[in-house]
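Participant: In our numbering, the protein residues as written are 108 to 332. Don't be surprised by glycine CBs; every beta carbon is placed ideally from N, CA and C.
1) Can residue 224 and residue 272 be called in contact, C-beta distance under 8 Å?
2) With contact counted as at least three CB pairs below 8 Å, one residue from each stretch, are the region 178-186 and the region 256-263 in contact?
3) Compute the Euclidean distance between the alpha carbons of residue 288 and residue 317, then round it to the nearest angstrom.
4) Got a sec, what are the start and stop residues for the alpha helix (DSSP H) residue 176 sits in?
5) Are residue 246 and residue 176 closer than 8 Å when you measure CB to CB?
6) Taking residue 295 as the reference, give the member of 170, 250, 312 with the closest Cα.
7) Please return the same chain residues whose Cβ sits closer than 8 Å to the Cβ of residue 211, not counting the five positions on each side in sequence.
8) Spatial neighbours of residue 162 within its chain, please: CB distance less than 8 Å, with the 5 preceding and 5 following residues excluded, ordered by chain position.
9) Round the Cβ separation of residue 235 and residue 205 to the nearest angstrom and send it over; I've been treating them as touching at under 8 Å.
10) Could you check whether residue 201 and residue 275 sit closer than 8 Å to each other, using their CB atoms as the reference points?
11) Could you work out which residue in 154, 250, 315 is closest to residue 203 when comparing CA atoms only?
12) Give me the Cα-Cα distance between residue 181 and residue 213, rounded to the nearest whole angstrom.
13) Considering only the alpha carbon of each residue, which of 168, 169, 237 lies closest to residue 339?
14) Please say whether residue 208 and residue 222 have beta carbons closer to each other than 8 Å?
15) Once you ignore the five residues that flank residue 244 on each side, which residues in its own chain have a CB closer than 6 Å to its CB?
The following block contains the structure:
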């Protein structure tokens, strides 16, 4: 990728802000240095609700700030489609989508979130108490989400479903979800199932951070977990 392309990708992810949790009992996984962030423990329902409102306001501002990056990346996307007419064999390049986010309080009963075309399903018992959960889809040429609080560990498996229906994908490749730092370096490869006919890839995750879709050099599989 050209230097200009890298710069545009960085512009697409810069809108992601510092995020916190309302879960006092949550354990924290090791953090990649680039994702390290302070944490805030919220111990009352009032504080949780106040923080939720702050997140909503921050997301609204981030949406406005993302518009110049979106316009720039749309132009870069047209260039990449010509350069990789059959898809890039390493990273999945996609038509950039507008910034999208969701934030809500999810407790021990579990809950679901939609982050643009992507889905997050938190089962009952995965959280010990009501927690502010935020998911953001930054403007980018790749498929990815930022989930917060970074490093939050769940008591049960959480399912993340990422859509790549808007991407230029080699038909013979299988996609997988990867855990990355904010330089897009792959740190982990959680178990993934590529549902190529639906343009979706599902993964089981146990902690929060940044996740992207990476292309693999093998035939697509739609086996269940």
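Facilitator: Once the coordinates are examined:
1) yes
2) no
3) Each residue's alpha carbon lies about 7 Å from the other.
4) 174-190
5) yes
6) 312
7) When the five nearest sequence neighbours on each side are left out, the beta carbons in the same chain lying within less than 8 Å of the beta carbon of residue 211 are those of 159, 218, 220, 239, 240, in order along the chain.
8) 126, 210, 239, 241
9) That belief does not hold up - the Cβ atoms of residue 235 and residue 205 are roughly 34 Å apart, past 8 Å.
10) yes
11) 250
12) If I take the Cα positions, the gap works out to 35 Å.
13) No answer is possible for residue 339: the residues shown for the chain start at 108 and end at 332.
14) yes
15) Non-local beta-carbon contacts of residue 244 in its own chain, meaning distances under 6 Å to residues more than five positions away in sequence, involve 207, 222, 223, 252 in chain order.
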